[in-house]
Amino acid sequence: MRTLIIFLSMGCSEYGLGLYNDASGSIETEVIDEGNIVVIEDTGEADTEAPEYIEDTEAPEDTEALEETGMETDECSEAVACYGDYYPTSSRDMDDLRKCSSVSGILSLGSEIDWLEDPNLPCLESVGGSWLAINSPSFIKIDSLSNLSYTGLHMQISGDKLKDISGLSNLSTIGGELQITNTKLENLDGLEGLTTISGLSIHHNDNLVHLSGIENLTDVEGVLNISSNPLIDHLTDLKIERVESLHVGNNASLCNANAQDFAGQIEIKVSTYIGNNRDCDGSATTSPCD
């Protein structure tokens, strides 16, 4: 009886095939390269146990497999704290900024970087200055700021091509006011981490249909301003409990009665203005509430 065997060499690509003769105890075909023996098919019960060939050789590390499983070097492992104000105007400036885990001063991503569709700052965790502006006219999405959790004071999001801010999902603290203006956003998905804010102004967003994304926001310590968003027709997405002042005006699809119902359900410490929205019959009207 004979057993079909295959010889594998762990250190190179050579191999050999052979038949082990149980009666003679010999291999009938020449071995190209000795290695480990793998039994492929046994043609019958052997009277004599086949000799064992073992090569003590470790397989080479498969670096490609490691990369595919996400074990490659973390691109942010060498990010550093950056000090001062940043007003990038060139590709080199943006390359330098990508090495920052934090910026101590102002960060303005404005019209000077008009070739980018996304800020592409995956290592940035915080901005400590008085202003974070994300308002380049070329931005279509904010998808690469998923590590940003904190801004020291005011933050502005704008851009007449901007459709998606879901990459801000880790943002939990804004020390000052958040202003969202002149965008193509249809919703505010990505801001679910905000629960308290000093002020919120949402205005002149022509495509904004609803306010989902800020449903976890309960306290606005300053002014809540929702104005000149022509497609918003309800405020039921909001779960806000307290504001200092409320201003809801010039929203062509929003019924004044809806805005007044919202105002009646929250604590307003100083003042309220509801006006130039849509009345329940479809015409615009001014309805200030004192």
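In my numbering, the protein residues as written are 904 to 1193.
Beta carbons are placed, not taken as given, at the ideal position from N, Cα and C, and that holds for glycine.
For clarity, every value in this text was computed on a predicted model and none was experimentally measured.
Per DSSP, ASP1164 is not a residue of any beta strand (DSSP E); the alpha helix (DSSP H) it occupies stretches across 1159-1168. Here SER1029 is bridged, per DSSP, to SER1005, TYR1053.
Separation of the CB atoms of HIS1107 and ASN1128 is rounded to 11 Å, and the pair is thereby denied contact status at 8 Å. Every unbroken stretch of the beta strand (DSSP E) spanning 3 or more residues and falling wholly within the region 1116-1143 is given here in chain order: 1122-1130. The beta carbons of LEU1024 and LEU1056 sit no closer together than 8 Å. The beta-carbon separation of GLY1031 and SER1005, rounded to 7 Å, stays under the 8 Å limit for a contact.
For VAL1173, same chain residues with a beta-carbon under 6 Å away, outside a window of 5 residues either side, are GLU1147, SER1148 in chain order.
Here the C-alpha atom of ASN1159 lies approximately 41 Å from the C-alpha atom of TRP1018. Within the DSSP secondary-structure output, GLU1080 pairs in a beta bridge with GLY1102. For LEU1149, the uninterrupted beta strand (DSSP E) run begins and ends at 1145-1152, by DSSP. For LEU1000, the enclosing alpha helix (DSSP H) stretches over residues 994-1000. Of all alpha-carbon atoms in GLU1118, ASP998, ASN1110, LEU1051, the one lying nearest the alpha-carbon of THR1099 is that of GLU1118.
In the three-state scheme derived from DSSP, where H, G and I count as helix and E and B as strand, GLY1178 is classed as strand. If the five residues before and after PHE1165 are omitted, its C-beta is found closer than 6 Å to the C-beta atoms of LEU1138, all from its own chain and listed in chain order.
When DSSP reads this structure, LEU1065 sits in no beta bridge, so it has no partner. SER1011 places its beta carbon less than 8 Å from that of TYR990. Excluding five sequence positions before and after SER1014, the CB atoms of its chain that fall closer than 7 Å to its own CB belong to SER1039, PRO1040, given in chain order. The criterion of a C-beta distance shorter than 8 Å is satisfied by ASN1073 and LEU1051. By the C-beta density criterion, GLU1020 is exposed, having fewer than 16 other C-beta atoms within 10 angstroms.
Note that the C-beta distance between ASP988 and ILE1009 is below 8 Å. Here DSSP, grouped into helix, strand and coil, assigns LEU1071 to helix. Excluding the 5 residues flanking it on each side, LYS1087 has same chain C-beta neighbours closer than 7 Å at ASP1063, LYS1064, LEU1065, LYS1066, ASN1110, in chain order. Between ILE1171 and LEU1157, the CB-CB gap reaches or exceeds 8 Å. Within the DSSP secondary-structure output, LEU1012 pairs in a beta bridge with ILE1037. Per DSSP, ALA984 is one residue of the beta strand (DSSP E) stretching across 983-985. Annotated three-state conformation of ILE1043 is coil, per DSSP. Shown here, TYR990 sits in coil according to DSSP, grouped into three states, outside any helix or strand.
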